[in-house]
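Contents: one structure, followed by commentary.
Numbering (the UniProt record's numbering), first residue to last: 1 to 141.
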(Lines of atoms letter the chains of each structure in order from A and count residues from 1; the text may use other names and numbers.)
(Lines give C-alpha, C1' and ligand atoms only; values in the text may rest on other atoms or scores of the structure.)
Protein backbone atom coordinates (compact mmCIF):
# COMPACT_ATOMS: atom_id res chain seq x y z
CA UNK A 1 0.00 0.00 0.00
CA UNK A 2 1.61 3.17 -1.11
CA UNK A 3 -0.33 5.55 1.24
CA UNK A 4 0.58 3.81 4.54
CA UNK A 5 3.74 5.15 6.18
CA UNK A 6 6.40 2.67 7.08
CA UNK A 7 7.26 2.38 10.81
CA UNK A 8 10.49 0.78 11.67
CA UNK A 9 10.66 -1.03 15.00
CA UNK A 10 13.54 -0.44 17.37
CA UNK A 11 15.94 -3.27 17.37
CA UNK A 12 17.75 -4.63 20.39
CA UNK A 13 21.07 -3.20 19.28
CA UNK A 14 19.85 0.42 19.22
CA UNK A 15 20.85 2.48 22.27
CA UNK A 16 18.85 5.21 23.99
CA UNK A 17 16.06 5.83 26.45
CA UNK A 18 12.45 6.47 25.76
CA UNK A 19 10.78 9.70 26.84
CA UNK A 20 8.84 7.85 29.54
CA UNK A 21 12.03 6.41 31.03
CA UNK A 22 13.66 9.83 31.11
CA UNK A 23 10.59 11.38 32.75
CA UNK A 24 10.58 8.69 35.44
CA UNK A 25 14.26 9.38 36.23
CA UNK A 26 13.68 13.14 36.39
CA UNK A 27 10.68 12.57 38.68
CA UNK A 28 12.73 10.37 41.02
CA UNK A 29 15.50 12.96 41.19
CA UNK A 30 12.91 15.61 42.03
CA UNK A 31 11.48 13.48 44.84
CA UNK A 32 14.95 12.87 46.29
CA UNK A 33 15.70 16.61 46.21
CA UNK A 34 12.40 17.38 47.91
CA UNK A 35 13.41 15.04 50.74
CA UNK A 36 17.11 15.97 50.97
CA UNK A 37 16.99 19.78 50.89
CA UNK A 38 14.93 20.24 54.10
CA UNK A 39 17.14 17.69 55.87
CA UNK A 40 20.28 19.59 54.86
CA UNK A 41 18.80 22.91 55.98
CA UNK A 42 17.89 21.35 59.33
CA UNK A 43 21.44 20.06 59.74
CA UNK A 44 22.86 23.52 59.03
CA UNK A 45 20.64 25.07 61.71
CA UNK A 46 21.76 22.39 64.20
CA UNK A 47 25.40 23.13 63.36
CA UNK A 48 24.82 26.85 63.96
CA UNK A 49 23.25 26.05 67.35
CA UNK A 50 26.25 23.86 68.23
CA UNK A 51 28.66 26.66 67.26
CA UNK A 52 26.81 29.12 69.50
CA UNK A 53 26.80 26.65 72.41
CA UNK A 54 30.53 26.05 71.97
CA UNK A 55 31.29 29.78 71.94
CA UNK A 56 29.11 30.41 75.01
CA UNK A 57 30.88 27.57 76.83
CA UNK A 58 34.32 28.97 75.94
CA UNK A 59 33.32 32.44 77.12
CA UNK A 60 31.86 31.04 80.32
CA UNK A 61 35.00 29.10 81.12
CA UNK A 62 37.18 32.11 80.37
CA UNK A 63 35.09 34.33 82.66
CA UNK A 64 35.33 31.64 85.37
CA UNK A 65 39.12 31.67 84.98
CA UNK A 66 39.09 35.49 85.12
CA UNK A 67 37.28 35.49 88.47
CA UNK A 68 39.79 32.98 89.85
CA UNK A 69 42.49 35.65 89.45
CA UNK A 70 40.54 38.94 89.77
CA UNK A 71 37.93 40.47 92.07
CA UNK A 72 36.38 42.81 89.50
CA UNK A 73 34.27 41.85 86.46
CA UNK A 74 36.12 41.69 83.14
CA UNK A 75 35.47 43.82 80.12
CA UNK A 76 34.07 41.69 77.31
CA UNK A 77 34.23 42.33 73.60
CA UNK A 78 34.43 40.85 70.16
CA UNK A 79 36.91 42.63 67.97
CA UNK A 80 38.82 42.61 64.72
CA UNK A 81 40.76 41.30 62.92
CA UNK A 82 39.26 37.81 63.24
CA UNK A 83 36.26 38.58 65.46
CA UNK A 84 38.11 37.20 68.43
CA UNK A 85 36.60 37.31 71.89
CA UNK A 86 38.44 39.72 74.16
CA UNK A 87 38.17 39.38 77.94
CA UNK A 88 39.88 41.95 80.12
CA UNK A 89 41.86 43.24 77.15
CA UNK A 90 43.24 39.77 76.34
CA UNK A 91 42.30 37.78 73.23
CA UNK A 92 40.99 34.45 74.37
CA UNK A 93 39.39 32.73 71.39
CA UNK A 94 38.25 33.23 67.83
CA UNK A 95 34.49 33.27 67.49
CA UNK A 96 32.73 30.73 65.33
CA UNK A 97 31.45 32.00 62.00
CA UNK A 98 28.16 33.84 62.43
CA UNK A 99 28.24 33.84 66.25
CA UNK A 100 28.31 37.21 67.96
CA UNK A 101 28.69 38.22 71.58
CA UNK A 102 25.39 39.79 72.44
CA UNK A 103 25.76 40.78 76.06
CA UNK A 104 26.85 40.12 79.60
CA UNK A 105 25.61 40.75 83.11
CA UNK A 106 27.68 40.90 86.26
CA UNK A 107 26.23 41.22 89.77
CA UNK A 108 27.73 40.75 93.22
CA UNK A 109 26.89 37.06 93.37
CA UNK A 110 26.33 35.99 89.76
CA UNK A 111 27.50 36.60 86.20
CA UNK A 112 26.23 35.63 82.77
CA UNK A 113 27.32 36.01 79.13
CA UNK A 114 25.27 35.25 76.02
CA UNK A 115 25.80 34.85 72.30
CA UNK A 116 23.48 34.79 69.30
CA UNK A 117 23.61 33.08 65.91
CA UNK A 118 20.87 34.24 63.53
CA UNK A 119 21.10 31.02 61.50
CA UNK A 120 20.28 28.69 64.38
CA UNK A 121 17.02 27.44 65.84
CA UNK A 122 17.75 27.91 69.55
CA UNK A 123 20.73 30.23 69.07
CA UNK A 124 18.69 32.77 67.12
CA UNK A 125 17.15 33.87 70.42
CA UNK A 126 20.35 33.39 72.44
CA UNK A 127 22.55 30.90 74.27
CA UNK A 128 23.84 31.84 77.71
CA UNK A 129 26.46 30.63 80.15
CA UNK A 130 26.08 31.73 83.75
CA UNK A 131 27.71 31.00 87.08
CA UNK A 132 24.37 29.89 88.50
CA UNK A 133 23.01 27.73 85.66
CA UNK A 134 25.88 26.90 83.32
CA UNK A 135 25.05 26.50 79.63
CA UNK A 136 21.43 26.89 78.51
CA UNK A 137 19.19 28.68 76.03
CA UNK A 138 18.42 32.28 76.92
CA UNK A 139 19.79 35.78 77.27
CA UNK A 140 20.59 36.01 80.99
CA UNK A 141 17.06 37.13 81.75
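Beta carbons: idealized from backbone N, C-alpha and C, even for Gly.
Counting along the chain, where does the alpha helix (DSSP H) carrying residue i start and finish?
{"i": "residue 24", "result": "19-69"}
Kindly indicate which three-state DSSP category residue i falls into: helix, strand or coil?
{"i": "residue 111", "result": "strand"}
{"i": "residue 125", "result": "coil"}
The beta strand (DSSP E) with residue i in it runs from where to where?
{"i": "residue 94", "result": "90-94"}
{"i": "residue 103", "result": "99-106"}
{"i": "residue 137", "result": "134-137"}
What do you get for residue i, buried or exposed, if any count of 16 or more other CB atoms within 10 angstroms of its CB means buried?
{"i": "residue 44", "result": "exposed"}
{"i": "residue 126", "result": "buried"}
{"i": "residue 87", "result": "buried"}
{"i": "residue 130", "result": "buried"}
I want to check one thing, is the minimum distance from the CB of residue i to the heavy atoms of the ligand ATP below 6 Å?
{"i": "residue 133", "result": "Annotation note on the ligand ATP: not contained in the displayed structure, which lists no ligands."}
**Request:** Decide yes or no for the touch test of the stretch 59-79 against the stretch 105-116: beta carbon pairs closer than 8 Å, at least 3 of them.
**Result:** yes
**Asked** Are there three or more Cβ pairs, one per stretch, closer than 8 Å when the stretch 96-113 is compared with the stretch 14-21?
**Response** Segments in contact, no.
**Prompt:** Is the stretch 40-55 touching the stretch 115-134 in the sense that three or more CB pairs, one from each, lie closer than 8 Å?
**Reply:** yes
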